[in-house]
Amino acid sequence: MSRNNRELLDKIANSLEAAKVRTFLHKHPERELHVYESASETLRSTETDDTESERRRLALLSESLVLLDEALCVGREHAQTERLEEAVNLAERSGDEVQQARALVALAIRFVNLGHSHSADGKWVKVLMLAEKRHEDPEMMSMVGRALLARGQFLAKQSQLERAETLLRDALSTLERTDDRVGLSMAYDMLARVLLANDQPVESERYALLAEETRKKLESEYPVQ
Numbered sequence: 014m015s016r017n018n019r020e021l022l023d024k025i026a027n028s029l030e031a032a033k034v035r036t037f038l039h040k041h042p043e044r045e046l047h048v049y050e051s052a053s054e055t056l057r058s059t060e061t062d063d064t065e066s067e068r069r070r071l072a073l074l075s076e077s078l079v080l081l082d083e084a085l086c087v088g089r090e091h092a093q094t095e096r097l098e099e100a101v102n103l104a105e106r107s108g109d110e111v112q113q114a115r116a117l118v119a120l121a122i123r124f125v126n127l128g129h130s131h132s133a134d135g136k137w138v139k140v141l142m143l144a145e146k147r148h149e150d151p152e153m154m155s156m157v158g159r160a161l162l163a164r165g166q167f168l169a170k171q172s173q174l175e176r177a178e179t180l181l182r183d184a185l186s187t188l189e190r191t192d193d194r195v196g197l198s199m200a201y202d203m204l205a206r207v208l209l210a211n212d213q214p215v216e217s218e219r220y221a222l223l224a225e226e227t228r229k230k231l232e233s234e235y236p237v238q
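Laid out in structure tokens, this is it:
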């Protein structure tokens with residue numbers, strides 16, 4: 014990988030990571046829209062000079078499209094799937110299995126929101142199949158945890174609280190083995206809500222405090238502008 018390619022791709026990767034954390038903290042993905050649009054436009058127009066750079070470019074383009082889709086589709090539960098399907102295809106071309114899982118999780122959530130549970134189930138299965146090959150990889154386990162978290166959130170919305178609690182505890186135990194503090198804070202928070210709804214206030218408060226503690230640590234590292 015040439016130095017210029019490496020520096021550009023590193024810069025884009027860092028900007029996407031920071032924007033993801035800021036989005037979690039301020040809860041308004043649209044505020045980071047310019048970051049995602051700029052990243053996707055730059056990555057589409059960038060010419061790489063070796064296979065490694067090209068694969069990384071495709072993976073980052075896939076990630077930027079997932080984030081762009083999230084920002085553009087705020088409040089639109091019935092948004093279409095084309096952008097996320099492109100993100101999955103780009104991730105597959107890149108050979109980056111973690112990014113494949115990330116894009117598949119986003120697409121599965123979209124299918125759930127559209128009421129296409131069968132299509133969503135197929136994407137969850139693909140994530141687990143990818144994870145089987147890399148079950149000791151923290152980044153891949155983060156994606157598995159995010160998938161479990163999303164499924165737990167859906168069950169909670171359906172008032173299936175006991176099933177939601179089981180999935181969220183699985184998500185939490187998975188995410189605790191990773192460096193995904195955003196996912197961890199989300200899991201703590203969602204589990205606290207489910208436990209409270211399920212008449213377990215003491216345990217709910219414990220997880221709510223863990224969620225807040227994790228969030229404050231992130232705020233100190235990624236101040237919201």
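Numbering (our numbering) for the sequence shown: 14 to 238. Built from N, CA and C at the ideal position, the CB exists for glycine as well. Source: prediction; values computed, not measured.
Q93 beta carbon less than 8 Å from that of E105: no
When E145, N102 and D212 are compared against L71, the one with the closest alpha-carbon: N102
Best match in R115, L120 and L56 for proximity to C86 [C-alpha to C-alpha]: L120
Residues near A210 in its chain [Cβ-Cβ closer than 7 Å; skip 5 each side]: L174
Close Cβ partners of K146 (< 8 Å) along its chain, the five nearest in sequence each way excluded: E110
Other residues of its chain near L21: CB distance less than 7 Å, five sequence neighbours each side excluded: T59
Three-state secondary structure (DSSP) of H131: helix
8 Å CB neighbourhood of M153 in its chain, flanking five on each side removed: E110, V111, A114, L143, A144 and R147
L204 and L185 closer than 8 Å at C-beta: yes
Nearest candidate by alpha-carbon position, reference V118, set Y49, S155 and A52: S155
Whether A49 touches A26 by CB criterion (8 Å): Note on identity: in this sequence residue 49 is Tyr, with Ala being the wrong assignment. No. Outside cutoff.
CA nearest to the CA of R16, picked from D63, H47, E54 and T55: D63
Anticipated Cβ contact below 8 Å, E43 with A84, distance rounded: 5 Å
Within 8 Å, strictly: CB atoms of G158 and D193: yes
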